[in-house]
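Residue numbers (the numbering used here): 44 to 702.
For each residue, glycine too, the CB sits at the ideal point set by N, CA and C.
These notes are about the structure you will find just below.
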Ligand code: RUQ
Ligand code: CUA
């Protein structure tokens with residue numbers, strides 16, 4: 044317990060010791076008794092979990108997919124990362140996915156996940172995730188559990204309030220955590236000129252209904268605050284989007300102190316339907332801002348990158364009714380909207396209450412012009428006029444809130460290390476459960492949607508200390524599963540997670556499972572280097588380039604003997620997996636290749652580039668145990684000196700055989 048308190052305080056850098064001790068949760072009564080808990084999370088061998096749980100991998104750049112209630116890890120999806128296991132970011136086909144306006148960037152920091160929605164309910168089609176550091180949003184196709192698209196977000200630094208989406212997936216958003224001088228005005232300025240020159244962009248990225256493809260529709264140019272988190276309106280508030288921000292002090296150094304001066308910062312309420320009207324009226328200004336858009340095709344099995352040159356910008360000062368600020372105590376982080384869309388909750392990291400705003404009161408405050416002033420032409424609503432009420436003495440360091448279907452909210456508290464359940468209408472605290480330790484985000488099944496399924500809550504903890512076997516200086520992060528079917532939350536399970544999860548999404552397996560793809564149809568393979576059958580296999584030389592049109596099927600490669608490759612050649616192995624059976628990938632590796640393997644799915648073609656540095660006999664083999672004779676799935680490539688006279692040949696169907 045002590046460790047936890049110190050950690051929490053150190054992280055916040057403030058002393059709230061007195062309150063803290065009283066708020067320190069007791070572990071008693073909240074853990075379901077062991078037998079009961081074991082039964083609730085036990086998924087018998089051969090049986091499947093009832094829910095998918097998708098958690099961002101934080102600084103691993105990936106996504107972890109788990110089954111709930113068992114907590115079993117099912118898959119790691121590489122997004123902003125290279126994954127040697129799957130060849131992601133190593134194969135020629137996937138490299139463009141990690142290309143940005145500033146080159147190949149195979150890492151990012153993923154924080155938030157959002158499932159696509161229809162009428163405010165997760166529909167299991169796509170999963171969106173943000174890249175913080177080099178601002179990007181990726182879309183995962185949930186038929187393949189692969190990254191299908193990555194869009195870069197210009198004029199943004201620290202893409203944190205992202206990729207939250209509107210109820211019918213009309214838009215996903217990206218808001219800049221750091222304000223910065225806009226590239227198009229006053230680019231090279233001193234940091235000290237922050238207040239004059241730095242601005243924040245809120246980006247609205249339209250999502251195509253059929254393909255899911257993203258395109259930046261517009262950016263709203265906001266004052267130079269730090270935009271932190273967001274959630275879309277829904278139900279009564281559909282058409283609006285809410286963003287928290289901190290550092291309304293506009294400090295540019297020692298934010299820990301300098302951005303904690305004011306009692307209140309803000310939630311920005313954005314009317315995106317109004318934005319569309321203003322765009323239609325020609326109020327947008329086109330601004331030069333080159334950024335990359337990468338898409339992966341399951342037909343060509345190849346990614347392509349295109350550069351887009353500019354972005355549309357709206358200035359709220361010229362667009363009345365587009366944005367309002369709601370004062371929010373203090374340094375708000377989480378920004379969550381209840382299932383009805385009426386209540387908007389701000390999680391003020393340094394606040395002693397949880398403010399809950401009412402959408403109808405916001406509308407009334409706007410109509411009555413209950414303003415406290417304005418910031419850069421954006422009206423600031425009167426706090427009380429927009430407020431539904433405050434949850435009093437909820438705990439310390441409130442961060443994020445999720446909801447169940449019965450009008451309850453669950454808020455995570457980093458400092459007092461607990462989840463607190465409260466009623467959205469009367470704002471009374473109902474229950475509190477300790478977490479081990481220092482919970483960040485939490486998630487309920489469908490808990491930020493219009494119709495939460497409820498039943499389970501998962502707390503994602505930043506620190507685990509003594510909870511698991513030690514593994515050197517770095518310990519695993521952890522998730523804790525609670526049963527929330529009763530009045531009291533019951534802790535069922537601790538399980539480790541990959542990376543450091545921030546947000547997550549959880550939904551019933553049935554929403555996704557029936558759509559899951561089993562194979563790629565070989566006859567639909569439009570890869571430019573596909574080999575549709577062994578009869579087509581061959582090797583071709585084009586100057587220094589050698590192209591191998593190869594195939595893999597249990598349990599051999601064709602060709603598996605290649606000669607006439609020379610030092611300094613660029614060899615491209617285009618390997619097509621001819622299998623048409625579920626779960627029969629083949630791997631492909633070349634000795635001394637400065638790369639990862641390929642892992643090729645049935646019906647797919649993937650390419651490994653290899654530049655041999657020395658003459659010699661090089662071996663190739665399949666890395667995925669695919670059959671009883673998997674170990675026989677191997678071959679040789681002879682590499683001769685650069686000046687050798689050996690002609691290119693192989694035992695492929697269409698080649699002159701090696702002598
Ligand atoms: S954050 S722990 Cu990056 Cu969503 Cu709140
Ligand atoms: Cu193919 Cu092992």
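Taking C-alpha atoms, which residue in 542, 461, 581 lies nearest to residue 532? Ranked by how close their Cα comes to the Cα of residue 532, the residues 542, 461, 581 have 461 in first place.
Buried or exposed for residue 106, going by 16 or more other Cβ atoms inside 10 Å? Flag for residue 106 reads buried.
Please report the distance separating the alpha-carbon of residue 545 from that of residue 288. One Cα belongs to residue 545, the other to residue 288, and the distance between them is close to 18 Å.
Residues bridged to residue 613 (per DSSP): As computed with DSSP, residue 613 is found in a beta bridge with 588.
Is it buried or exposed, residue 703, if we count other Cβ atoms within 10 angstroms and call 16 or more buried? Nothing about residue 703 can be read from this structure; the chain reaches only from 44 to 702.
Residue from 186, 201, 204, 181 whose Cα sits closest to the Cα of residue 194: Ranking 186, 201, 204, 181 by Cα distance to residue 194 puts 181 first.
Using 8 Å as the threshold, is the stretch 505–519 in touch with the stretch 448–455, meaning 3 or more CB pairs across them? The stretch 505–519 makes no contact with the stretch 448–455, as fewer than three CB pairs between them are under 8 Å.
Between the beta-carbon of residue 524 and the beta-carbon of residue 499, is there less than 9 Å? Yes, these two residues count as a Cβ contact at 9 Å.
At the level of alpha carbons, what is the spacing between residue 379 and residue 300? Each residue's alpha carbon lies about 26 Å from the other.
Quick check: the Cα distance between residue 361 and residue 199, rounded to an integer number of angstroms? Straight-line Cα distance between these residues: approximately 21 Å.
According to DSSP, what are the bridge partners of residue 242? As computed with DSSP, residue 242 is found in a beta bridge with 223, 266.
Between the C-alpha atoms of residue 599 and residue 125, what's the straight-line distance to the nearest angstrom? Distance between the alpha carbons of residue 599 and residue 125 is about 27 Å.
How close, in whole Å, do the beta carbons of residue 243 and residue 314 come, if the pair is a contact with beta carbons under 8 Å? Their Cβ separation, rounded to whole angstroms, is 18 Å, which puts residue 243 and residue 314 out of contact at 8 Å.
Using only the heavy atoms of ligand 2, determine whether one of them is closer than 8 Å to the beta carbon of residue 580. Judged by the Cβ position, residue 580 fails to qualify as a neighbour of ligand 2 at the 8 Å threshold, every heavy atom of the ligand being at least this far.
Restricting to Cα atoms, I'd like to know which of 278, 187, 177, 162 is closest to residue 170. Here the closest residue by C-alpha is 187.
Report, in whole angstroms, the separation of the C-beta atoms of residue 497 and residue 417, which I expect to be a contact under 8 Å. Contact flag wrong, Cβ pair sits at about 41 Å.
Compute every distance between the C-beta of residue 546 and the non-hydrogen atoms of ligand 1, then say whether any falls below 8 Å. Residue 546: yes, Cβ under 8 Å from ligand 1.
Assigned secondary structure, residue 236 (DSSP; H/G/I helix, E/B strand, else coil): Shown here, residue 236 sits in a helix according to DSSP, grouped into three states.
Three-pair Cβ contact test at 8 Å for the stretch 555–562 versus the stretch 578–595: Cβ pair count under 8 Å is below three, so no.
Residue 466, enclosing beta strand (DSSP E) - first and last residue: Annotation: the continuous beta strand (DSSP E) that includes residue 466 extends over 461–466.
I need the straight-line Cα distance from residue 588 to residue 597, nearest angstrom please. Residue 588 and residue 597 have their C-alpha atoms spaced approximately 28 Å apart.
According to DSSP, is residue 565 part of a helix, a strand, or is it coil? When DSSP states are grouped into helix, strand and coil, residue 565 belongs to the helix group.
Between the Cα of residue 201 and the Cα atoms of 165, 167, 155, which residue gives the shortest distance? Comparing alpha carbon positions, the residue from 165, 167, 155 closest to residue 201 is 155.
Using alpha carbons as the reference points, say which of 443, 543, 398, 184 lies closest to residue 100. It is 543.
Rounded separation between residue 88 and residue 502 - CA only: Approximately 26 Å between the Cα atoms of the pair.
Consider the C-beta atom of residue 538 and the heavy atoms of ligand 4; say whether any pair is separated by less than 8 Å. As for ligand 4, it is missing from this structure, which binds only ligand 1 and ligand 2.
Short of 8 Å in beta carbon distance, which residues of its chain neighbour residue 704, apart from the five on each side in sequence? Order them along the chain. Limits of the chain in this structure are 44 at one end and 702 at the other, which puts residue 704 out of reach.
Taking the DSSP output, what are the residues bridged to residue 520? Paired residues: 540.
Using beta-carbon positions only, say whether residue 272 and residue 207 come within less than 9 Å of one another. Residue 207 sits close to residue 272, with the two beta carbons spaced by under 9 Å.
Flag this pair as touching only if the stretch 392–401 and the stretch 432–446 have three or more C-beta atom pairs under 8 Å; answer yes or no. These segments touch.
Residue 508, DSSP secondary structure in three states: DSSP places residue 508 in the coil class of the three-state scheme, outside both helix and strand.
Hey, would you say the C-beta of residue 245 is under 8 Å away from at least one heavy atom of ligand 1? If you check the C-beta of residue 245 against ligand 1, you find no heavy atom less than 8 Å away.
Hey, residue 483 and residue 457: beta-carbon distance below 9 Å or not? Cβ atoms of residue 483 and residue 457: closer than 9 Å.
In three-state terms, what does DSSP make of residue 430? Residue state, collapsed to three classes: strand.
Please state if the CB of residue 385 and the CB of residue 709 are separated by a distance shorter than 9 Å. Missing from the structure shown is residue 709; the chain here goes from 44 to 702 and no further.
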